[in-house]
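Novice: Numbering (my numbering), first residue to last: 1 to 699.
(1) Kindly examine the ligand PLP and report whether one of its heavy atoms sits closer than 8 Å to the Cβ of residue 278.
(2) Any idea what DSSP makes of residue 603, helix, strand or coil?
(3) To which residues does DSSP link residue 517 through a beta bridge?
(4) Sort 384, 425 and 369 by Cα distance to residue 69 and report the nearest one.
(5) Return the chain-ordered list of same chain residues with a C-beta closer than 7 Å to the C-beta of residue 574, the five sequence neighbours on each side being excluded.
(6) If you drop the 5 nearest sequence neighbours on each side, which residues of the same chain put their C-beta closer than 7 Å to that of residue 334?
(7) Between residue 96 and residue 144, which are expected to be in contact by the criterion C-beta below 8 Å, what is the C-beta distance as a whole number of angstroms?
(8) Report the three-state DSSP secondary structure of residue 495 (helix, strand or coil).
(9) Residue range of the beta strand (DSSP E) that residue 581 falls in?
(10) With a 10 Å radius around its C-beta and 16 neighbouring C-beta atoms as the bar for buried, classify residue 595 as buried or exposed.
(11) Which residues mark the beginning and the end of the beta strand (DSSP E) in which residue 552 is found?
(12) Cutting at 8 Å between CB atoms, please list the residues of its own chain near residue 399, excluding the five before and the five after it.
(13) Taking only three categories from DSSP, how would you classify residue 251?
(14) By the three-class DSSP mapping on this structure, what secondary structure does residue 587 have?
(15) Take residue 58 as the anchor and find which of 678, 686 and 693 has the nearest alpha-carbon.
(16) For residue 25, count neighbouring C-beta atoms within 10 Å of its own C-beta (all shown protein chains included) and say buried if the count is 16 or more, exposed if not.
(17) Drop a sphere of 10 angstroms on the beta-carbon of residue 670, count the other beta-carbons inside from all chains shown, and report buried for 16 or more, exposed for fewer.
(18) Who are the Cβ neighbours of residue 136 in its own chain at under 6 Å, not counting the five residues just before and after it?
(19) Going by the beta-carbon positions, is the gap between residue 474 and residue 521 smaller than 9 Å?
(20) Quick check on the DSSP output: the alpha helix (DSSP H) that includes residue 543 runs from which residue to which?
(21) Smallest Cα separation from residue 681: which of 488, 307, 646 and 640?
(22) If residue 509 and residue 469 are in contact, beta carbons under 8 Å, what's the gap, nearest whole angstrom?
(23) Are the segment 322 to 337 and the segment 438 to 455 in contact at 8 Å, needing three or more beta carbon pairs?
(24) With distances taken between CB atoms, is the gap from residue 620 to residue 580 smaller than 9 Å?
(25) Looking only at DSSP bridge pairs, what is residue 345 linked to?
(26) Run the CB neighbour count on residue 285, radius 10 Å, all protein chains shown included, and call it buried at 16 or more, exposed below.
(27) Locate the beta strand (DSSP E) running through residue 394, then write down its first and last residues.
(28) Can you find the residues in the same chain that come closer than 7 Å, C-beta to C-beta, to residue 308, ignoring five residues on each side of it along the sequence?
(29) Could you work out which residue in 658, 176 and 198 is closest to residue 165 when comparing CA atoms only?
(30) Please confirm whether residue 152 has its beta-carbon closer than 9 Å to some beta-carbon of chain C.
(31) So residue 272 is in the beta strand (DSSP E); what residue range does that whole segment cover?
(32) Do you know whose CA, among 221, 310 and 40, lies nearest residue 275's CA?
(33) Measure the Cβ-Cβ separation of residue 200 and residue 229 and say whether it is below 9 Å.
(34) Quick check on the DSSP output: the beta strand (DSSP E) that includes residue 615 runs from which residue to which?
(35) At a cut of 8 Å, does the segment 384 to 396 reach the segment 335 to 349 through at least three beta carbon pairs?
(36) Roughly how many angstroms lie between the CA atoms of residue 356 and residue 517, to the nearest whole one?
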């Protein structure tokens, strides 16, 4: 990638979508945890009404409650709908005839399917299912006569929930679990596995009264045919399942659960005819990831996204197209150097609307199925960047409903007419955001490692008059991006509001810049990325005189936490302090204790540690502790099985034995992320206190 001139690369935008106002105040961590959180919108078949999930957080107890809100597509105030007090409602979906709104609620004591009769203004919600297991998600069939539900049940259970959970670990008189040879995952993300229990999908009929009825048809067929999780764990959802147009079958993504699962990214697209016969693997020839199945409304096409390289979770996702009538397959976007993150058909079945990271935005693209050409769409309101577009719903008249979030604001619901800028429909956080002092951001580019163009951003209080201490944010992944999107965890606007300038850099390995740029970090964790960070910070200091380069701290989580450990020895004299959240400390320990083994093996040359120890040791922070000298705050979650907490504990022990000032913050009830509101408050209080100690004391 060649360097783009700074004149073209620099872009300054206002972070908060309002002008500076009198009597505004800086954003706080309390604001971050209590801002309303919106989910994917559902649109009525006539296109006139939008319903979305909104999660509210009590400002005193910090209890979170999801609810459903309705807003006219033409624009007006949103109103609460289908309210079940003390229960919460989520995952709204209109029936194809528009007469009912289905959703999930735990009102009965378990998460079940409910609906609201939209033809009766006085109607109250009705429970539509009574399974023995929680309903994790559902999809209504195109003809409205069936529903697909999924949840965790035993592999031999014929429906969603049986008396037994299928546990085959044979508990004895004690509390021990026995995992036999070849068990595959024994723990994943933040949970120990229950052998014999999987996330499974079932199709059932809907009676005339709207309730679930009849026998269930299991997507995975009879026991012994396919054993695995649908959707995939831990992050999979409704995007991994799709009804075929005639409602007689379901396409879904699944990976065989066996001894190879921890080293396999071979998620496949399967088809289940729902007649009791075994499902059929449509992508058996590809040993890498196949996901995001999407069936065209006219019944002719199946689209999905596929990677090419087995074992590589960050490979490019290329849109594939299967003609369901002729069986002909083709790679639709093979010539487009972007990786899609979602797919939705236009109602006329002539195009797909996809989202994909593109430099510092995640916009929507229209992909013509005849030519494969991807056209970037302008959906954001006039004057705003595309930022992070998601949850796209194309309508029959060419309009598109979607959510948009940015560094400036959490997700809100928008609608855009064909060829016109979008209009914001929801105003869930408008009042709170209007009361906050604006923060500004500047996009900039510079020549990074090997002369490649690398992008960064500078965030700072818009009203700052004095020079600002600088925070360098390093993103995780490592194949990720600090792009223009909202974060409820690592939020640069919140840190800037505390009186800091925040610099973030999309170093080699980041996504949204083409696959070669993403691949550049493979086997080079401490090489080009560190060079980019050094050059990027220098470029930020050179372009903005408000940044005080004599007062700097660096922060990062996951790979970003690894980089904090690496900086300790390789950039030791630059920072007054570091913050390492769940970062890798010892590559050998990580290789033998993480759960998704494919990740560490790919990143370090494709072999396990015992076959190529030199690959792992080349970039191993634990082998360079002798040079550590920078004060560090270490944060870890005891339920983090991705980067086990012993990694953070090891870093803290190294600091203590070296006599380097350090603090350790441990969350016994958090995983790789800090998700609980009160824990988030404590996290921010601790981190801010640490930063202030080293950057503001005596200033």
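Even glycine gets a Cβ: it sits at the ideal position worked out from N, Cα and C.
Specialist: Reading it off the structure:
(1) For the ligand PLP, the structure offers nothing, since it holds no ligand at all.
(2) The residue you call residue 603 lines up with position 603 of the chain shown. Helix, per DSSP.
(3) By one-based count along the chain shown, residue 517 stands at place 517. Answer by DSSP bridge pairing: none, since residue 517 is not bridged.
(4) Taking the first residue of the chain shown as position 1, residue 69 is located at position 69. It is 425 whose Cα lies nearest to the Cα of residue 69.
(5) Walking along the chain shown from the start, residue 574 turns up at place 574. Excluding sequence neighbours, residue 574 sits near 552.
(6) Residue mapping note: residue 334 aligns to position 334 of the chain shown, counting from 1. Once the five neighbours on either side are set aside, the close Cβ partners of residue 334 are 318.
(7) Position 96 of the chain shown, counted from the start, is the residue given in the question as residue 96. Position 144 of the chain shown, counted from the start, is the residue given in the question as residue 144. Rounded, the Cβ-Cβ distance is 4 Å, consistent with contact.
(8) Here the question's residue 495 lines up with position 495 in the chain shown. Residue 495: helix per DSSP, three-state reduction.
(9) Residue mapping note: residue 581 aligns to position 581 of the chain shown, counting from 1. Here the beta strand (DSSP E) through residue 581 covers 577 to 581.
(10) Indexing the chain shown from 1 puts residue 595 at position 595. Result: buried.
(11) Working through the chain shown from its first residue, we reach residue 552 at position 552. Looking at the DSSP string, the run of the beta strand (DSSP E) that includes residue 552 is 547 to 557.
(12) Here residue 399 corresponds to residue number 399 of the chain shown, with the count starting at 1. Contacts found: 47, 73, 415, 416, 417 and 418.
(13) Here residue 251 refers to the residue found at position 251 when the chain shown is read from its first residue. Three-state result, residue 251: strand.
(14) As a position in the chain shown, residue 587 is number 587, starting the count at 1. Helix.
(15) Mapped onto the chain shown, residue 58 falls at position 58. It is 678.
(16) In the chain shown, residue 25 corresponds to position 25, counting from 1. By the 10 Å Cβ count, residue 25 comes out exposed.
(17) If you number the chain shown from 1, residue 670 lands on position 670. Per the 10 Å Cβ criterion, buried.
(18) Taking the first residue of the chain shown as position 1, residue 136 is located at position 136. Around residue 136: 150 and 151.
(19) Sequence index remark: in the chain shown, residue 474 carries index 474 (1-based). Sequence index remark: in the chain shown, residue 521 carries index 521 (1-based). No, the Cβ-Cβ distance between residue 474 and residue 521 is not below 9 Å.
(20) Walking along the chain shown from the start, residue 543 turns up at place 543. From DSSP, the alpha helix (DSSP H) with residue 543 extends over 528 to 543.
(21) Within the chain shown, the letter at position 681 stands for residue 681. For the residues 488, 307, 646 and 640, the minimum Cα distance to residue 681 belongs to 488.
(22) Position 509 of the chain shown, counted from the start, is the residue given in the question as residue 509. Position 469 of the chain shown, counted from the start, is the residue given in the question as residue 469. About 27 Å separates the two Cβ atoms, so there is no contact after all.
(23) no
(24) If you number the chain shown from 1, residue 620 lands on position 620. If you number the chain shown from 1, residue 580 lands on position 580. Not a contact, by the Cβ cut-off of 9 Å.
(25) Walking along the chain shown from the start, residue 345 turns up at place 345. In DSSP, residue 345 forms a bridge with 352.
(26) The sequence position of residue 285 within the chain shown is 285, counting from 1. Looking at its Cβ environment, which holds fewer than 16 other Cβ atoms inside 10 Å, residue 285 is exposed.
(27) In the chain shown, residue 394 corresponds to position 394, counting from 1. Segment 388 to 394, the beta strand (DSSP E) holding residue 394.
(28) To locate residue 308, count along the chain shown from 1; it is residue 308. Result list for residue 308: 288 and 315, in chain order.
(29) Residue numbering aside, residue 165 sits at position 165 when the chain shown is read from its first letter. Residue 198 is the option with its Cα nearest to residue 165.
(30) Looking at the structure shown, chain C is missing, and only one protein chain is on hand.
(31) Here residue 272 corresponds to residue number 272 of the chain shown, with the count starting at 1. Where residue 272 is concerned, the enclosing beta strand (DSSP E) stretches over 268 to 272.
(32) By one-based count along the chain shown, residue 275 stands at place 275. Of the candidates 221, 310 and 40, the one whose C-alpha sits nearest the C-alpha of residue 275 is 221.
(33) Walking along the chain shown from the start, residue 200 turns up at place 200. Walking along the chain shown from the start, residue 229 turns up at place 229. Taking 9 Å as the Cβ cut-off, residue 200 and residue 229 qualify as a contacting pair.
(34) Sequence index remark: in the chain shown, residue 615 carries index 615 (1-based). Careful: residue 615 lies outside any beta strand (DSSP E), inside the alpha helix (DSSP H) at 613 to 617.
(35) yes
(36) Locating residue 356 in the chain shown gives position 356, where the first residue counts as 1. Locating residue 517 in the chain shown gives position 517, where the first residue counts as 1. When rounded, the distance between both Cα atoms is 15 Å.
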